[in-house]
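Asker:
Number of protein chains: 2
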Amino acid sequence: MHETIKHESMFTAIADIQRRKILNILKRSEMSVAEIKSHFEFSGATLSHHLNILKNAELVRVRRQGQQRIYTLNLSVVEELLLIFNQIFVSKEDEK
Amino acid sequence: MHETIKHESMFTAIADIQRRKILNILKRSEMSVAEIKSHFEFSGATLSHHLNILKNAELVRVRRQGQQRIYTLNLSVVEELLLIFNQIFVSKEDEK
DNA sequence: CATATATTTAGATTATCATCTAAATATCAC
DNA sequence: GTGATATTTAGATGATAATCTAAATATATG
């Protein structure tokens, strides 16, 4: 009946609407921080903070490209999250 | 690219590990507050607070039975949440 | 109706979180 | 290497949220 730290970080990550919007945007294609930023009103520092939380939850990956950093949705972890979700709330098995 | 208030309350509701545990417990069968409480360490007031948040998100339903209140998992809303999940993070459609 | 039981509500406290500005770091182009 | 651009880090602030104790409400029972 306990939950790994990893699960915890995923649920925390998707709790915020701005971060869900970031994931939603990245669903279409990978993007630099500046491109992501163009969709929002808040500061670069705030965006960096959100990206860091998503990264820690492994929901996104980053790679360097010159001065830019390109963020990508980590689809396998998103799918894992869906499974966990199903396991906690729907399936007859206990949360493992 | 916006989200209803209802979605917001659902994501907030499942962000807390105690509330996810409550949902996980209710998956097996409906329960009185006292029964739910036996699974946790925190005070009754705290449990009541969590149940209220789950109720506002419509993830659980309550009915009276004498002095007790019986909480039930609202399966249709849990399923709805799974769909929203898929829509935001996986499917090619935008979040509606 | 008085007392016991079940649960919620009120109000306070502490911790966590989203956001900001300013400064730091890294890379590129000249 | 100097200046410009991209992004992150540090530190502060205000808002939200989790929890507690004490008090209130509702129901049941003798």
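Protein sequence lines correspond, in order, to chains V and R. Residue 1 is where the first sequence starts when you use UniProt numbering, and the numbers rise one by one after that. Residue 1 is where the second sequence starts when you use UniProt numbering, and the numbers rise one by one after that. Note that CB positions come from ideal geometry on N, CA and C, so glycine has one too.
1. Is DSSP giving Ser32 of chain V helix, strand or coil here?
2. Would a C-beta distance cut-off of 8 Å place Val90 of chain V and Gln68 of chain V closer than the cut-off?
3. Please name the residue, chosen from V:Arg64, V:Leu47, V:Asn24, that lies closest to Lys37 of chain V on a Cα-to-Cα basis.
4. Which residues bound the beta strand (DSSP E) around Val62 of chain V?
5. Ala57 of chain V to Asp16 of chain R, Cα distance in whole Å?
6. Would you verify that the beta carbon of Thr12 of chain R is, or is not, closer than 8 Å to some beta carbon of chain V?
7. Smallest Cα separation from Arg76 of chain V: which of V:Arg61, V:His50, V:Leu51, V:Ile88?
8. Between Leu83 of chain V and Met10 of chain V, is the Cβ-Cβ spacing less than 8 Å?
9. With distances taken from CA atoms, which of V:Glu30, V:Ala45, V:Ile25, V:Glu8 is nearest His39 of chain V?
Answerer: The answer reads as follows:
1. Stepping through the first sequence from its first residue, residue 32 of chain V is reached at position 32. Strand, per DSSP.
2. Position 90 of the first sequence, counting from 1, holds the residue named residue 90 of chain V. Position 68 of the first sequence, counting from 1, holds the residue named residue 68 of chain V. Against a cut-off of 8 Å, the Cβ pair of Gln68 of chain V and Val90 of chain V comes out as no contact.
3. Start at 1 with the first residue of the first sequence, and residue 37 of chain V comes out as number 37. The option with the nearest alpha carbon to Lys37 of chain V is V:Leu47.
4. Numbered from its first residue, the first sequence carries residue 62 of chain V at position 62. Start and end: 60-65.
5. Here residue 57 of chain V refers to the residue found at position 57 of the first sequence. Here residue 16 of chain R refers to the residue found at position 16 of the second sequence. Straight-line Cα distance between these residues: approximately 15 Å.
6. Here residue 12 of chain R refers to the residue found at position 12 when the second sequence is read from its first residue. Taking Cβ atoms only, chain V reaches closer than 8 Å to Thr12 of chain R, which makes this a yes.
7. Residue 76 of chain V sits at position 76 when you count from the first residue of the first sequence. It should be pointed out that residue 76 of chain V corresponds to Ser in this sequence rather than to Arg. Ranking the options by Cα distance to Ser76 of chain V, first place goes to V:Arg61.
8. Translated into positions along the first sequence, residue 83 of chain V becomes position 83. Translated into positions along the first sequence, residue 10 of chain V becomes position 10. No; because the gap between Cβ atoms is not below 8 Å, this pair is not in contact.
9. If you number the first sequence from 1, residue 39 of chain V lands on position 39. The shortest C-alpha separation from His39 of chain V is found at V:Ile25.
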